[in-house]
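With the UniProt record's numbering, the residue at position 37 of the sequence shown is 37, and numbering never jumps.
Everything below concerns the one structure shown next.
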Amino acid sequence: MDSSGQGEKAASGGVADRGSSSQQQGEFKPPPPLQLSMQELLAQLDEYQPTIPDAVTTYYMNTAGVETSDPKVIRLISLAAQKFIADITNDALQHCKMRGAGQSSKKAPKDKKYVLTTEDLTSALSEYGIQVKKPAYYN
Numbered sequence: 001m002d003s004s005g006q007g008e009k010a011a012s013g014g015v016a017d018r019g020s021s022s023q024q025q026g027e028f029k030p031p032p033p034l035q036l037s038m039q040e041l042l043a044q045l046d047e048y049q050p051t052i053p054d055a056v057t058t059y060y061m062n063t064a065g066v067e068t069s070d071p072k073v074i075r076l077i078s079l080a081a082q083k084f085i086a087d088i089t090n091d092a093l094q095h096c097k098m099r100g101a102g103q104s105s106k107k108a109p110k111d112k113k114y115v116l117t118t119e120d121l122t123s124a125l126s127e128y129g130i131q132v133k134k135p136a137y138y139n
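Okay, here's the thing in structure tokens:
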């Protein structure tokens, strides 16, 4: 048995998987989620540059009373904040799509552009327990 066959056998828990019958029939089966150990995650944080800069994360951490000089902790918090923002944005997009689903459009679906509105964002944030109130001059 060659080394690639052994790798497949080890990765599948001792059974070499050369393609299941369900995948051959056109069914899509997503790969199992990647499980990283904490050490592997922290090692990868050194090379990863999050969307939220370290200086911004450090500023808001200090404002909240958290002081640390460990760049891995700062990057881990940046990554968590980035995930939170992405989840909220995705939920707002889903609200926008549902709101626009009732409207008929002559444009092709691939040409459809979505606009992030306060209403969609407010709906998405309310799912996370965050209440947004419009200033009086917008009413």
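Note that beta-carbon positions come from the ideal geometry of N, C-alpha and C, so glycine has one too.
I believe residue i touches residue j by the beta-carbon criterion, under 8 Å. Please report the beta-carbon distance rounded to the nearest angstrom.
| i | j | result |
| --- | --- | --- |
| Pro50 | Leu79 | 5 Å |
| Ile74 | Thr57 | 5 Å |
| Gln82 | Ile130 | With 8 Å as the limit, Gln82 and Ile130 do not qualify as a contact, their Cβ atoms being about 17 Å apart. |
| Lys72 | Leu42 | 5 Å |
Within a Cβ cutoff of 7 Å, which residues of the same chain sit near residue i, ignoring the five residues on either side of it in sequence?
| i | result |
| --- | --- |
| Ala124 | Ile88, Asp91, Ala92 and His95 |
| Glu127 | Asp91 |
| Ile77 | Thr57 and Met61 |
Looking only at its own chain, which residues have a Cβ that is under 8 Å from the Cβ of residue i, when we skip the five neighbours before and after it?
| i | result |
| --- | --- |
| Tyr114 | Leu93, Cys96, Lys97 and Gly100 |
| Tyr48 | Arg75 and Leu79 |
What residues in its chain sit with their C-beta under 6 Å from that of residue i, if we drop five residues either side in the sequence?
| i | result |
| --- | --- |
| Val132 | Thr122 and Leu125 |
| Leu45 | Lys72 and Arg75 |
| Asp54 | Ile74 |
Distance, Cα to Cα, residue i vs residue j?
| i | j | result |
| --- | --- | --- |
| Pro135 | Ala86 | 25 Å |
| Val66 | Glu27 | 48 Å |
| Thr68 | Lys112 | 45 Å |
| Glu40 | Tyr137 | 51 Å |
| Asp70 | Leu116 | 35 Å |
Could one say the Cβ of residue i lies closer than 9 Å to chain B's Cβ atoms, at least one of them?
| i | result |
| --- | --- |
| Thr68 | This model lacks chain B altogether; it includes just one protein chain. |
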